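Beneath this line is the structure, given in structure tokens, with notes to follow.
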Ligand code: ADP
Ligand code: ZN
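Numbering (the UniProt record's numbering), first residue to last: 1 to 523.
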């Protein structure tokens, strides 16, 4: 009966001729009352997978959504299509909320959007009981389901409670949807929402039209950025910075260098923010300099580059933010500027968090970003591996590591010096101190520990601090050293290190060379 009509319903209610990949499978399973977890990248068309069933199923569909703005936006779009949808959240007066609930009970509403904190209020539960007995409850759709997980990038404690609804309404099918879920988050969603024999639908997260690149951040990076923006003159570009002050400064600097742009961050008034956003979307101004406050639910199809001028907090976030480029399927660039200083700054911010569990999670996530940035492997493969998606072996041909021919050189001697020094200092010190010893620095700490008497003291004077730091990081990256964290990080020899020290392994590092963009002539 109804299943025959999904194609017609798609056309009739939404005006689309065909389903996007995966949509129909999900819709059909939902119509059969299956619990489901749907993973689709942003823009993949998740909303339709509950909106369409909601119209075909007899009762009311409840949609849990975390952001009031998104809720309002979706509901107005549905209403514009003549679909009976509404929302209840804290932005409404008590009377208005009650009026909408009554409309739902009398069957005038097919889709009711609700904020998670409202869902478990006793009054709302009573309302749901009532709906169940009258028009019936068809489906509970949980949008942005990764919010249940502390391991996701957007944990919301209220989401944790949603699972209790399962006990209260055991027959109500649950459809969980998200664009971001690592293996760990996926498990959390299944457990927390108590999904029953769920079908897990995973769409590919690969975005072949996006090219990925990481650049070392240094004094010349601003000039590189300007160069990139000049090459993309007139095209839409988003630049992400970590802090509001970072946004303000970069925005002003670019303006002074003749690059028309607007800032966007949570410190601006709502009016200015929405005005800047509008002007960017309307192509009044090509460049938007923003914190990650920008972007949730924004779909501008023709963004030609997303540039991270500071380190992102985690790879899921990076995937989301960079994924705002090239929604139209045309080529677009995702460029990340990376340096060790940013890493230190990010770690400092993390240690300011009070909760130890959150610190561990945040450091772990940061570590993944660093691995992505320092890796010499295909960036696309790395990025997708965090969504447990495997790319076929071979070259993606659209990331810096795949398109650049990497030249490496034998640095076994340097590695040996480094590891020997770690050994001689009994694996109890951080990278800075080890490098001080190798470079023969005369610090108080070195004098206190008599480290100037070690045979490795001053053995690597000829190389700069930065070079030794790069060696240290490469040793970590290639698993010749293991980092451990207690109060501060210490570095430990592992079986690879032992092999290297015994002459049974070699250590290669990339030769520094990457002027893809030459430095612009000074104006
Ligand atoms: P998501 O929630 O996965 O980020 P949305 O549900 O917001 O994605 O859908 C992204 C865009 O794709 C929306 O503008 C939507 O109208 C459009 N869309 C969804 N399904 C289809 C379809 N079958 N055909 C054409 N456009 C679609
Ligand atoms: Zn690649």
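No residue lacks a Cβ here, since even glycine has one placed at the ideal position from N, Cα and C. Bear in mind that the values here come from a model prediction, so they are computed numbers and not experimental data.
Determine the DSSP secondary structure at residue i, reduced to helix, strand or coil.
i           : result
residue 81  : coil
residue 521 : Annotation note: pLDDT 36 at residue 521 (below 50); position unreliable, coordinate value reported separately. DSSP places residue 521 in coil when its eight states are reduced to three.
residue 465 : helix
residue 214 : strand
residue 290 : strand
residue 198 : coil
residue 305 : strand
residue 42  : coil
residue 261 : strand
residue 58  : coil
residue 506 : coil
residue 360 : helix
residue 101 : helix
residue 283 : coil
residue 182 : coil
residue 13  : helix
residue 490 : strand
residue 276 : helix
residue 483 : strand
residue 349 : helix
residue 189 : helix
residue 333 : strand
residue 369 : helix
residue 171 : coil
residue 403 : helix
residue 318 : helix
residue 49  : helix
residue 203 : coil
Report all residues from its chain with a CB closer than 6 Å to the CB of residue i; omit the five preceding and five following residues, and keep chain order.
i           : result
residue 516 : Reliability fails at residue 516, whose pLDDT of 36 lies under 50, so the model's placement of it is uncertain and the value that follows must be treated cautiously. None.
residue 388 : 183
residue 221 : 337
residue 20  : 45
residue 6   : 27
residue 395 : 402
Around the Cβ of residue i, are there at least 16 other Cβ atoms within 10 angstroms (buried) or fewer (exposed)?
i           : result
residue 65  : buried
residue 22  : buried
residue 46  : buried
residue 457 : buried
residue 258 : exposed
residue 273 : buried
residue 344 : exposed
residue 417 : buried
residue 435 : buried
residue 521 : Its pLDDT being 36, under 50, residue 521 is placed unreliably in this model, and the value from its coordinates should be taken loosely. Counting Cβ neighbours within 10 Å, residue 521 comes out exposed, since fewer than 16 surround it.
residue 178 : buried
residue 286 : buried
residue 35  : buried
residue 270 : exposed
Measure from the alpha carbon of residue i to the alpha carbon of each residue in the options, then state which is nearest.
i           : options            : result
residue 118 : 83, 386, 160, 132  : 160
residue 91  : 107, 82, 276, 67   : 67
residue 509 : 407, 443, 454, 166 : 407
residue 304 : 269, 353, 230, 275 : 230
residue 562 : 106, 341, 255      : In the structure displayed, the chain extends from 1 to 523; residue 562 sits before or after that span and is not available.
residue 366 : 380, 376, 333, 311 : 311
residue 240 : 346, 263, 192, 380 : 263
residue 108 : 166, 124, 115, 131 : 131
residue 135 : 511, 320, 204, 101 : 101
residue 413 : 504, 444, 495, 329 : 504
residue 478 : 370, 463, 392      : 370
residue 60  : 174, 472, 267      : 174
residue 398 : 331, 409, 452, 359 : 331
residue 393 : 180, 411, 378      : 378
residue 153 : 468, 462, 386, 448 : 386
residue 77  : 40, 441, 202, 15   : 15
residue 185 : 208, 507, 352, 39  : 39
residue 103 : 321, 442, 88       : 88
residue 248 : 98, 291, 224, 427  : 291
Could you pull out every residue in the same chain whose Cβ sits closer than 7 Å to the Cβ of residue i, ignoring the five residues on either side in sequence?
i           : result
residue 79  : 85
residue 17  : 11
residue 483 : 476, 489, 491
residue 138 : 54, 57, 58, 59, 60, 61
Could you pull out every residue in the same chain whose Cβ sits closer than 8 Å to the Cβ of residue i, ignoring the five residues on either side in sequence?
i           : result
residue 419 : 475, 480, 481, 493, 497, 500, 501
residue 83  : 13, 51, 55, 110, 111
residue 299 : 43, 327
residue 325 : 210, 238, 303, 304, 305, 306, 332, 333, 334
Measure from the C-beta of residue i to each C-beta in chain D and report whether the shortest distance is under 7 Å.
i           : result
residue 316 : No chain D is part of this structure, which consists of one protein chain only.
| query | Which residue spans inside the stretch 406-478 form an unbroken alpha helix (DSSP H) run of at least 4? | reply | 412-424, 431-438, 444-448, 465-477
Taking the runs of the beta strand (DSSP E) that are 3 residues or longer, which of them lie wholly in the stretch 120-166? 137-142
Start-end ranges of the beta strand (DSSP E) lying completely within the stretch 229-258, minimum 3 residues: 236-240
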